[in-house]
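Engineer:
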Amino acid sequence: QQQVKQSPQSLIVQKGGIPIINCAYENTAFDYFPWYQQFPGKGPALLIAIRPDVSEKKEGRFTISFNKSAKQFSLHIMDSQPGDSATYFCAASAGGGNKLTFGTGTQLKVEL
Amino acid sequence: GAVVSQHPSRVICKSGTSVKIECRSLDFQATTMFWYRQFPKQSLMLMATSNEGSKATYEQGVEKDKFLINHASLTLSTLTVTSAHPEDSSFYICSASNPLRRTYEQYFGPGTRLTVT
Chain A
243 QQQVKQSPQS
253 LIVQKGGIPI
263 INCAYENTAF
273 DYFPWYQQFP
283 GKGPALLIAI
293 RPDVSEKKEG
303 RFTISFNKSA
313 KQFSLHIMDS
323 QPGDSATYFC
333 AASAGGGNKL
343 TFGTGTQLKV
353 EL
Chain B
13 GAVVSQHPSR
23 VICKSGTSVK
33 IECRSLDFQA
43 TTMFWYRQFP
53 KQSLMLMATS
63 NEGSKATYEQ
73 GVEKDKFLIN
83 HASLTLSTLT
93 VTSAHPEDSS
103 FYICSASNPL
113 RRTYEQYFGP
123 GTRLTVT
């Protein structure tokens with residue numbers, strides 16, 4: 243019930259490509275869905291987040307698509323760059339300030 | 013805004029000793045702080061949730077007598093790993109939030125790499 247399933251585990255794209263990372267959840271009490279980017283040896287950094295009252299949110303090159311009925315959400319990175327190579331985690335929580343349940347992570351590599 | 017710091021960034025200690033890790037919110041009041049551990053190439057595992065001025069809530073399977081958490085002020089939480097053993101070697105990360113601000117964001121610190129020899 244508390245799990246957030248994330249796929250793929252790893253992803254390689256060419257520079258300029260649009261990697262897509264998918265997450266699915268079961269707990270219908272979840273109402274906050276952030277994405278974090280983590281570089282090796284560093285803490286996660288909040289990229290973008292969405293609440294279930296909207297189906298899409300864009301911030302710069304990052305877009306979240308949210309499908310409430312399917313209980314799925316995804317991250318799209320437009321015009322990907324080598325500097326985007328990192329591990330990406332989706333997460334979910336129920337209520338403000340409550341604990342996050344993390345996905346298993348996707349290791350993204352953007353090649354020149 | 014929303015900067016969280018951790019100290020130290022790296023620590024090496026001998027088996028059987030204790031080590032304290034500090035987590036500070038630098039530009040906001042963190043009524044709630046979370047402690048995670050992360051093993052190489054794995055996801056973050058929540059260890060405990062601490063609210064300022066009250067006892068921490070530990071996740072199932074986390075020994076509260078081994079991982080002591082104190083959240084004595086709105087800007088500081090500490091995690092003390094007592095009687096550390098090599099299997100405690102990991103990357104420890106804190107995060108902070110303030111639900112009173114009516115935002116859901118959690119902001120993470122840079123992490124502390126603990127190596128127990």
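Note that the protein sequences, when read in sequence, are chains A and B. With our numbering as the guide, the letters of the first sequence map in order to residues 243 to 354. With our numbering as the guide, the letters of the second sequence map in order to residues 13 to 129. No residue lacks a Cβ here, since even glycine has one placed at the ideal position from N, Cα and C.
Taking only beta-carbon positions, decide if B/SER55 is within less than 8 Å of chain A.
Structural biologist: yes
Engineer: To the nearest angstrom, how far is it from the Cα of B/SER30 to the Cα of B/GLY123?
Structural biologist: 18 Å
Engineer: Along the chain, where does the beta strand (DSSP E) that runs through A/TYR267 open and close?
Structural biologist: First-last of the beta strand (DSSP E) with A/TYR267: 262–267.
Engineer: Strictly under 8 Å for the Cβ-Cβ distance: is B/PRO20 near chain E by that measure?
Structural biologist: Within the model displayed, chain E is absent; protein chains A and B are what it includes.
Engineer: Can you list, in chain order, the residues of its chain with a C-beta nearer than 8 Å to that of B/LEU56? Leave out the 5 residues immediately preceding and following it.
Structural biologist: TYR48, ARG49, GLN50, ILE105
Engineer: Can you list, in chain order, the residues of its chain with a C-beta nearer than 7 Å to that of B/SER101? Leave out the 5 residues immediately preceding and following it.
Structural biologist: LEU126, THR127, VAL128
Engineer: A/SER316 to A/LYS299, Cα distance in whole Å?
Structural biologist: 11 Å
Engineer: Do A/ALA336 and A/TYR267 count as a contact pair if the criterion is CB distance below 8 Å?
Structural biologist: no
Engineer: For the putative contact between B/LEU8 and B/ILE33, defined by C-beta atoms under 8 Å, what is the C-beta separation to the nearest angstrom?
Structural biologist: Residue 8 of chain B cannot be examined here, being either before or after the span of chain B that is shown, 13 to 129.
Engineer: Using a threshold of 8 Å, state whether the C-beta atoms of A/ALA271 and A/TYR278 are closer than that.
Structural biologist: no
Engineer: To the nearest whole angstrom, what separates the beta carbons of A/THR329 and A/GLN280, a pair I think is in contact under 8 Å?
Structural biologist: 5 Å
Engineer: Could you tell me which of A/CYS332, A/THR346, A/ASP326 sits nearest to A/VAL358, measuring between CA atoms?
Structural biologist: The question about residue 358 of chain A has no answer, for chain A in this structure spans 243 to 354.
Engineer: Is the Cβ of A/PHE304 closer than 8 Å to any Cβ of chain B?
Structural biologist: no
Engineer: Between A/THR348, A/GLY285, A/LYS247, which lies nearest to B/ARG22 when the distance is taken from Cα to Cα?
Structural biologist: A/GLY285
Engineer: Can you tell me which of the three DSSP states B/GLU117 falls into?
Structural biologist: coil
Engineer: Ends of the beta strand (DSSP E) at A/LYS300?
Structural biologist: 298–301
Engineer: Taking 7 Å as the limit between beta carbons, can you name the residues of its chain near A/ASP321, skipping five residues before and five after?
Structural biologist: GLY258, ARG303
Engineer: How far does the beta strand (DSSP E) with A/MET320 in it reach, from first residue to last?
Structural biologist: First-last for A/MET320: undefined, no H or E at that position.
Engineer: To test your reading of the DSSP string, which unbroken beta strand (DSSP E) runs of 3 or more residues are found completely within the stretch 24–102 of chain B?
Structural biologist: 31–37, 44–50, 56–63, 79–85, 88–93
Engineer: Taking the beta carbon of A/VAL352 as the centre, do at least 16 other beta carbons fall within 10 Å, making it buried, or is it exposed?
Structural biologist: buried
Engineer: According to a CB-to-CB cut-off of less than 8 Å, which residues of the stretch 23–52 of chain B neighbour chain A?
Structural biologist: THR43, THR44, PHE46
Engineer: At which residues does the beta strand (DSSP E) containing A/ASN309 begin and terminate?
Structural biologist: 304–309
Engineer: Name the chain B residues that come within less than 9 Å of A/SER335, Cβ to Cβ?
Structural biologist: TYR116, GLN118
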